[in-house]
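Visitor: Here you go, one structure.
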Amino acid sequence: MIPIITAFERSPDRGRGLARDMRVRWALEEVGQPYDVRLLSFEAMKEPAHLALHPFGQIPTYQEGDLALFESGAIVLHIAARHGGLLPDDADGRARAIAWMFAALTTIEPPIVEREAAAYLERDKSWYGERLPILEDRIRVRLAELSRRLGEPDWLDGAFSAGDLVMASVLFRLKGSSMLDEFPSLSAYVARGEARPAYKRAFDAQFAVFTAASAG
Ligand code: GTB
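The numbering of the sequence shown is our numbering, which starts it at 183 and goes up by one.
As structure tokens, this is what we get:
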């Protein structure tokens, strides 16, 4: 059964691969699972048909037969659990890879999203100039901790895993800022993720959506 995922018909990131369908595409490419994509307008995302799949009216979703999933982390975990290649075979290694997925989604991503939201929603507010450095310093604290833990190895815990896939996807969101450059080991980590053939296939697929939407 070919799974179907949802993605933006017109992504606000203009094909930079920053929306959360990208991590799902990447996971599917890593495990060699073909997939179809259903593109949604912002209006369609809030309609009953999509709300039945995603209670918050967002992308990505994942459908495979009778199974419907939302939340990119849950979807990547499902793909990693169903197929070989994204989780270690031993139980302890699997548990640690999953812990890194949670770390990416619940410890690293929130301050990054908060800064993005402030830049989008509060830029014209009087407090923005004072708040932005506070938000950026919160991110720096996490990046410093993560960089210290990563150290010299290529990946967070042995071979590349779903933990690295989700962590690198979260860190990609910082590419428009200079913060990642302050942590060369994390910049190199992100570059290693981007260099993976599966990442490139996923990126090209989402970029093709942007190109087609721009042409249409
Ligand atoms: N926790 C959920 C998950 O991990 O799946 C969050 C899903 C989510 O935030 N989806 C966003 C969405 O559907 C798209 S990815 N938003 C529409 C809405 O809420 O109405 C977030 C995103 C959007 C745009 C950019 N960008 O332009 O750079 C980056 C990230």
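All C-beta atoms, glycine included, are put in the ideal place defined by N, C-alpha and C.
I'd like the list of long-range same chain contacts for W337, defined as Cβ closer than 6 Å, with 5 residues on each side in sequence excluded.
Guide: In the sequence shown, residue 337 corresponds to position 155, counting from 1. So the list reads D346, once near-sequence residues are dropped.
Visitor: Return the bridge partner residues of Q245 from the DSSP annotation.
Guide: Counting from 1 along the sequence shown, the entry for residue 245 is found at position 63. DSSP, once it has assigned bridges, lists I186, A250 as partnering Q245.
Visitor: Give a yes or no on whether the C-beta atoms belonging to L259 and V391 are separated by under 8 Å.
Guide: Walking along the sequence shown from the start, residue 259 turns up at place 77. Walking along the sequence shown from the start, residue 391 turns up at place 209. No, they are not a contact pair.
Visitor: By the three-class DSSP mapping on this structure, what secondary structure does R220 have?
Guide: Residue 220 sits at position 38 when you count from the first residue of the sequence shown. DSSP places R220 in strand when its eight states are reduced to three.
Visitor: Using a Cβ-based criterion (distance less than 7 Å to any ligand heavy atom), does Q215 qualify as near the ligand GTB?
Guide: The residue labelled residue 215 in the question sits at position 33 within the sequence shown. Q215: no, Cβ never under 7 Å from the ligand GTB.
Visitor: Give me the pocket residues for the ligand GTB, defined as CB within less than 5 Å of any heavy atom, sorted by chain position.
Guide: Those residues, listed in chain order, are P194, D195, L200, A201, R202, Q240, I241, E253, S254.
Visitor: Does the pairing of the stretch 314-323 with the stretch 258-277 give three or more beta-carbon distances under 8 Å?
Guide: With a cut-off of 8 Å, the stretch 258-277 and the stretch 314-323 do not count as touching, because too few Cβ pairs lie within range.
Visitor: I need the DSSP call for D274, collapsed to helix, strand or coil.
Guide: By one-based count along the sequence shown, residue 274 stands at place 92. DSSP places D274 in helix when its eight states are reduced to three.
Visitor: Under the assumption that A344 contacts A387 (Cβ atoms under 8 Å), give the Cβ distance between them as a whole number of angstroms.
Guide: Along the sequence shown, one-based indexing puts residue 344 at 162. Along the sequence shown, one-based indexing puts residue 387 at 205. A344 to A387, Cβ: 19 Å. No contact.
Visitor: Using a 10 Å radius around the Cβ and a threshold of 16 neighbouring Cβ atoms, would you call S188 buried or exposed?
Guide: Translated into the one-based positions of the sequence shown, residue 188 becomes position 6. First, the residue type needs correcting, since residue 188 is Thr and not Ser in the sequence shown. Buried is the call here.
Visitor: By DSSP, does A234 sit in helix, in strand, or in coil?
Guide: Counting from one through the sequence shown, the residue named residue 234 turns up at place 52. Coil, per DSSP.
Visitor: By Cβ distance, which residues of its chain are closer than 8 Å to G340, with the 5 residues on each side in sequence left out?
Guide: Numbered from 1 along the sequence shown, position 158 holds the residue referred to as residue 340. So the list reads P270, G275, once near-sequence residues are dropped.
Visitor: Could you work out which residue in G239, A234, D319, M283 is closest to S359 when comparing CA atoms only?
Guide: Residue numbering aside, residue 359 sits at position 177 when the sequence shown is read from its first letter. When each option's Cα is compared against that of S359, the closest is D319.
Visitor: Quick check: P332 and S367, are their CB atoms within less than 8 Å of each other?
Guide: Taking the first residue of the sequence shown as 1, we reach residue 332 at position 150. Taking the first residue of the sequence shown as 1, we reach residue 367 at position 185. Correcting the residue type first, residue 332 is Leu in the shown sequence and not Pro. Yes. Within cutoff.
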